[in-house]
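Protein chains in written order, with my numbering: chain C, 1 to 190; chain P, 191 to 783.
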């Protein structure tokens, strides 16, 4: 069976590293894996996604279809709604209660919408986490991404893979301990 | 050995395994990481950034003629720039293997058009490979080098954004050293004067006939038989998208080598199935071949001619609908267009330029193209690399023909890397033919949008070695422009004064804004020149803020307006202390911490 994990957020939030750790772990666990992400101009504060598909059979497409994701992990509140149509009805959503203002809000032409989490909960099985606060407690807001990765791993039942080793082998030595702590926090969040 | 790789990384791996000795490229999404990865095979491959795609192509062409396996990589529009050598090298042929990678952009994620570069293959009369996933990238690049040498021809490999930027598991091999071939002077082959080229023209036709036989026999073109009801013909990533949708309910003709096409295999396959779908992104190239053979098929009649053919789009085109999906309330989703980063050195310049009236801003390709957008609205045109200065020149000549009391003035803007790419030629046009345009080089000390590649102005080469410090002002003067000033774009008063100065001149001028990209990893030279940059933060003094929103016109993503409290605020995690918003605030309510 092929499973699909959709990581979404805003350029600069670290979805790419989270997806890299995830795919590396899945490959080493013996799954076939494909992953897709778009970078380029959209990096500049735009909406970004990393799409991960894995299975015990051959994975053909690296891209998740509309209505095809088993889990949606959103690194930013509003992005969860933007990408919701890619989640399978009945699928799981993990949303980071963190706000990044898009340019129309920055320039005062639009307000950041209210009631996003309520909307999300009314449509899907959604868990709200505060990875930003947890990351700050660990001393580095940037490590939010690995906390969310931990939550995704837990939700997908992938805890038996040796993620600590994957982190040690793929993260700069100075940040290994921090990321290991972040992973632990994430695994305990949902 | 199995490795998880993007298509771009797998192309690099294939090139390394094939014994490539020289590679060059100009950065361009989605192709950039090909050369960056090749550069990691240091010692085995000499990898260099070209100043543009034509130059990169020609450098690799020369390396191939000299006898080494060589590679050039570029995005789809880059091949337009390099088309001149491509078409004539098809005549001269090569010595060492020569492969050109073109990375196309179905869906235009980061590009100005959606051209299908498969069209170049029959046009230039060169063989074409179309890998669809990372494993195929590695395998086909290796095969492309064999074809290049066996048939004495440059070879084109067409990637797409999905192939380039998707990861898959790749079975890798070792490097097979390909000795540098002996170089022999051969004017009849390599000097394309008409008499020689007319003879080579016949060689090209003969080569394509022989390649047609190769195409029929190639294992890269294969059939997967699942019965005679439905047949799918597909190439590139579209094949994998199609398999996701049809699974084992259709037979497939997978095409990996598509110029020349395996005509007999296509005919046999079409004759063996009742219903034929041709699934290819962008132009109906395979479909046209199928129709020429006299078969009816479902191609662009059911599948979109533009954008990617991801499996949901194929599903909808064939079966009428996608999977069931959840719908979010659109009122709760605000658009998130790309923006200039907090601390971007282009911000101060575009803030001031956007306030000018009666100017036409002739723009170019880079992060700074975002100057067109809210809140700056400071760009009128952007067509292709380097066009800002030359198109601006032509426009100024016409504005000056009109008998307006105050003729419109042209300000042409482009980045440092774009200036080196093709802007220098354009500036020579201005200096030579004397239009009175204001030409602005936004020098952020790096190639920004593609993710920080070195360039001739940044002081470093791809391998990290130091290069000569390029004297921008001397280069500009050598192009015939004597009015040159270099400024700090974060100093709004200075930007305003300098624009006033340039617009008052009746002759051409160049303004160089020199400040590093906020995301740049500083070199030792940067640390010295820009000491203190991005080290501070600003905050809003809420007692002084009157909620006028003037600061928001800077378009900085670190700012946010508190509608409830009617005050501006600055996100301390994002602010890097450029100070542009503080200079805009009429109440001095934005203060340095």
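Ideal Cβ placement from N, Cα and C applies to all residues, glycine included. Bear in mind that the values here come from a model prediction, so they are computed numbers and not experimental data.
Between residue i and chain P, is any beta-carbon pair separated by less than 9 Å?
i	result
residue 134 (chain C)	no
residue 33 (chain C)	yes
residue 86 (chain C)	yes
residue 168 (chain C)	no
residue 138 (chain C)	no
residue 165 (chain C)	no
residue 184 (chain C)	no
residue 7 (chain C)	no
residue 82 (chain C)	yes
residue 188 (chain C)	no
residue 1 (chain C)	no
residue 15 (chain C)	no
residue 128 (chain C)	no
residue 124 (chain C)	yes
residue 11 (chain C)	yes
residue 27 (chain C)	yes
residue 156 (chain C)	no
Start and end of the alpha helix (DSSP H) containing residue i?
i	result
residue 206 (chain P)	197-207
residue 145 (chain C)	144-155
residue 180 (chain C)	176-187
residue 799 (chain P)	With chain P covering 191 to 783 only, the question about residue 799 (chain P) has no answer from this structure.
Which stretch, first to last residue, makes up the beta strand (DSSP E) that contains residue i?
i	result
residue 239 (chain P)	236-239
residue 624 (chain P)	From DSSP, residue 624 (chain P) is part of no beta strand (DSSP E); its letter is neither H nor E.
residue 340 (chain P)	Careful: residue 340 (chain P) lies outside any beta strand (DSSP E), inside the alpha helix (DSSP H) at 324-340.
residue 294 (chain P)	288-294
residue 12 (chain C)	Here residue 12 (chain C) belongs to no beta strand (DSSP E), and DSSP marks it neither H nor E.
residue 160 (chain C)	No beta strand (DSSP E) holds residue 160 (chain C); DSSP gives it neither H nor E.
residue 550 (chain P)	549-552
residue 73 (chain C)	69-74
residue 50 (chain C)	47-55
Using a Cβ-Cβ distance under 9 Å, would residue i count as near chain C?
i	result
residue 359 (chain P)	yes
residue 750 (chain P)	yes
residue 321 (chain P)	no
residue 543 (chain P)	no
residue 763 (chain P)	yes
residue 539 (chain P)	no
residue 679 (chain P)	no
residue 578 (chain P)	no
residue 502 (chain P)	yes
residue 820 (chain P)	Residue 820 (chain P) falls outside the range modelled here, since chain P spans only 191 to 783, and no answer is possible.
residue 768 (chain P)	no
So residue i packs on residue j, CB below 8 Å; how close in whole Å?
i	j	result
residue 10 (chain C)	residue 45 (chain C)	7 Å
residue 627 (chain P)	residue 576 (chain P)	Not really, about 14 Å apart at Cβ, beyond 8 Å.
residue 447 (chain P)	residue 416 (chain P)	Not a contact, Cβ separation roughly 22 Å.
residue 316 (chain P)	residue 343 (chain P)	6 Å
residue 430 (chain P)	residue 322 (chain P)	5 Å
residue 207 (chain P)	residue 366 (chain P)	6 Å
residue 602 (chain P)	residue 645 (chain P)	Contact flag wrong, Cβ pair sits at about 19 Å.
- Message: Short of 7 Å Cβ to Cβ, which residues in the stretch 94-105 of chain C face chain P?
- Response: 101, 102, 103, 104, 105
- Message: If contact is defined by three or more beta carbon pairs under 8 Å, each pair taking one atom from either stretch, is the stretch 11-28 of chain C in contact with the stretch 141-157 of chain C?
- Response: yes
- Message: Check whether the stretch 28-39 of chain C and the stretch 475-495 of chain P touch, using three or more Cβ-Cβ pairs below 8 Å as the test.
- Response: No, the stretch 28-39 of chain C does not touch the stretch 475-495 of chain P.
- Three or more beta-carbon pairs under 8 Å between the stretch 743-759 of chain P and the stretch 683-703 of chain P, yes or no? no
- Query: When you check each C-beta in the stretch 505-526 of chain P against every C-beta of chain C, which residues fall closer than 8 Å?
  - Reply: 505, 512, 513, 514, 515, 516, 517, 518, 519, 521, 522, 523, 524, 525, 526
- Check each residue of the stretch 336-355 of chain P: if its Cβ is closer than 8 Å to any Cβ of chain C, include it; give the result in chain order. 351, 352, 355
- Taking any Cβ of chain C, which residues in the stretch 711-742 of chain P have a Cβ under 7 Å from it, in chain order? 739, 742
- Item | Cβ-based contacts, 8 Å cut-off: residues of the stretch 299-323 of chain P near chain C | For the stretch 299-323 of chain P, the residues whose beta carbon sits under 8 Å from a beta carbon of chain C are, in order, 299, 300, 323.
- Message: Check whether the stretch 213-227 of chain P and the stretch 261-270 of chain P are in contact - that is, three or more C-beta pairs closer than 8 Å.
- Response: yes
- Query: According to a CB-to-CB cut-off of less than 9 Å, which residues of the stretch 105-120 of chain C neighbour chain P?
  - Reply: 105, 106, 107, 108, 109, 110, 111, 112, 113, 114, 115, 116, 119, 120
- Short-range partners of chain C found in the stretch 204-229 of chain P, where Cβ spacing is below 7 Å: 219, 220
- Should the stretch 535-545 of chain P be regarded as contacting the stretch 755-775 of chain P, the criterion being three or more beta carbon pairs within less than 8 Å? Below 8 Å, enough C-beta pairs join the stretch 535-545 of chain P and the stretch 755-775 of chain P to call them touching: three or more.
- Message: Pairs of beta-carbons, one from the stretch 322-332 of chain P and one from the stretch 424-431 of chain P, closer than 8 Å: are there three or more?
- Response: yes
- Message: Can you pull out the residues from the stretch 171-182 of chain C whose beta carbon lies closer than 7 Å to at least one beta carbon of chain P?
- Response: none
- Near-chain C residues of the stretch 280-297 of chain P (beta-carbon distance less than 8 Å), N- to C-terminal order: none
- Message: Closer than 8 Å is the cut-off here; do at least three beta carbon pairs connect the stretch 80-97 of chain C with the stretch 453-472 of chain P?
- Response: no
- Message: With a threshold of 8 Å, are at least 3 pairs of Cβ atoms found where one atom belongs to the stretch 395-410 of chain P and the other to the stretch 65-77 of chain C?
- Response: no
- Task: Say whether the stretch 703-715 of chain P touches the stretch 662-680 of chain P, bearing in mind that this needs 3 or more beta-carbon pairs closer than 8 Å, one atom from each stretch.
- Result: yes
- Name the residues in the stretch 449-461 of chain P whose C-beta lies less than 8 Å from a C-beta of chain C; which are they? none
- Message: Pairs of beta-carbons, one from the stretch 625-643 of chain P and one from the stretch 552-564 of chain P, closer than 8 Å: are there three or more?
- Response: yes
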